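Taking our numbering, the leading residue of the sequence shown gets 947, the next gets one more, and so forth.
We put the beta carbon where it would ideally sit given N, CA and C, even for glycine.
Bear in mind that the values here come from a model prediction, so they are computed numbers and not experimental data.
Report on one structure; see the data block that follows.
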Amino acid sequence: MDFQAALPPAVGWITETLEDAGFETWVVGGAIRDLILGRTVEDWDLATQARPEQITAAFSRTVPIGIEHGTVGVLAGDGTLYEVTTFRRDVRSLGRQAIVEFSVDIGEDLARRDFTFNALAWHPLRQDLLDPTGGMGDLDAGVLRTVGDPKQRFSEDFLRVLRALRFSGQFGLSIERETWLGLLGAVPELSRLSPERVQQEIMKVLSKACRPSITLGLYLESGALGTLYPELAQAALGSGSNSGNFVRVLEICDGLRPIRPLVRLAVLFSLVRPREEAGENSPGWTVESLMRRLRFSNADRKRVSSVVAMYHMAPP
């Protein structure tokens, strides 16, 4: 498959510069997936044999995005930042504290990725495609599958549970049976995720998907909604709706261009009811409390909670 026509010139320049310096370099991850699916690529990430200090030495303008993880940002002539990361391999997995070390093998780097469609690599100079885990076939079949053992993949980073649910809804993929079972086993551990990471995921669901209700239905079906958003789960179950319909109201936002995730968030949180047993008689107050728990900014909390309060005050 030829991705060359869609390749930004800067990606070819970065690859050629590092290859000329003796370091094998590939385009990896979501960019290849999006090209295969015919979607616009938002982020071009590269993986290389070069160590961070060697990447920095090869370019005049760089940003130390995550040197400890091997990632350096390379600034192109138009100011676009491209992330370039040294090949890595897992040494030992300790949940969110996995021990990794740099590698010289792109195969080892792909083997540690989350899902098969993200374990793809494209060499823009040789026009080679690496697909060691069958990601292309899974995309063709409309299947989401982990790389290797699902239990291990999810235990390495519990955020992958939410990523799996988001990708399934966003790209219209069914979650392969063993992957789904591994995901269900990891759902109780979602409470260990930082509020900031949970917030980032829900905003990605609301900003990237045309029909976020599909992913949120999977949140409910898997138990992730009850673990992370008990206020929403209570509203969904109390309504008697099934997992595919309880947030169908979000589709009223399909006509918004561009999509405004805070508007969708306000629509979603309008389902929340006050917890009267706790003396909370204002839906806006309950929503603001929920958003405070997820570390939203003061401004965003006030905007959304005020919209929710007005919604509940409006006459039927």
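Here's a check: name, in chain order, each residue in its chain whose Cβ is nearer than 6 angstroms to the Cβ of P954, leaving out the five neighbours to either side. Sequence-distant Cβ neighbours of P954 in its own chain, meaning closer than 6 angstroms and more than five residues away, do not exist here.
For L1211, I'd like the list of residues in its chain whose CB is within less than 7 angstroms of its CB, leaving aside the five on either flank, ordered along the chain. Here the set comprises L1152 and V1250.
Local conformation of A1155 per DSSP, three classes: Three-state DSSP puts A1155 in coil, outside helix and strand.
What's the gap between the Cα of L1130 and the Cα of D1024? CA-CA distance, L1130 to D1024, rounds to 44 angstroms.
Compute the distance between the beta-carbons of A1110 and L1085, then report whether it is under 8 angstroms. The criterion of a C-beta distance shorter than 8 angstroms is not satisfied by A1110 and L1085.
Could you give the first and the last residue of the continuous beta strand (DSSP E) run that contains G996? This sequence places Ala at residue 996; Gly is not what is there. For A996, there is no enclosing beta strand (DSSP E), as DSSP marks it with neither H nor E.
Check whether the Cβ atoms of I1052 and L1075 lie closer than 8 angstroms to each other. Going by C-beta atoms, I1052 is not nearer than 8 angstroms to L1075.
Quick check: what's the CA-CA separation for G1172 versus Q1098? C-alpha separation (whole angstroms): 23 angstroms.
Identify, in the order they occur along the chain, each residue of the same chain with its Cβ nearer than 7 angstroms to the Cβ of K1154, setting aside the five sequence neighbours on each side. Correct list, in chain order: Q1116.
Does DSSP put G958 in a helix, a strand or coil? Correct three-state label for G958: helix.
Where S1140 falls, given that 16 or more other Cβ within 10 Å makes a residue buried: So S1140 ends up on the exposed side.
Report the CB separation of D1060 from V1093 in whole angstroms; it is logged as a contact under 8 angstroms. 7 angstroms between Cβ atoms; contact.
I need the DSSP call for Y1175, collapsed to helix, strand or coil. Correct three-state label for Y1175: coil.
Could you have a look at S1120 and say whether DSSP puts it in helix, strand or coil? Here S1120 sits in strand by DSSP.
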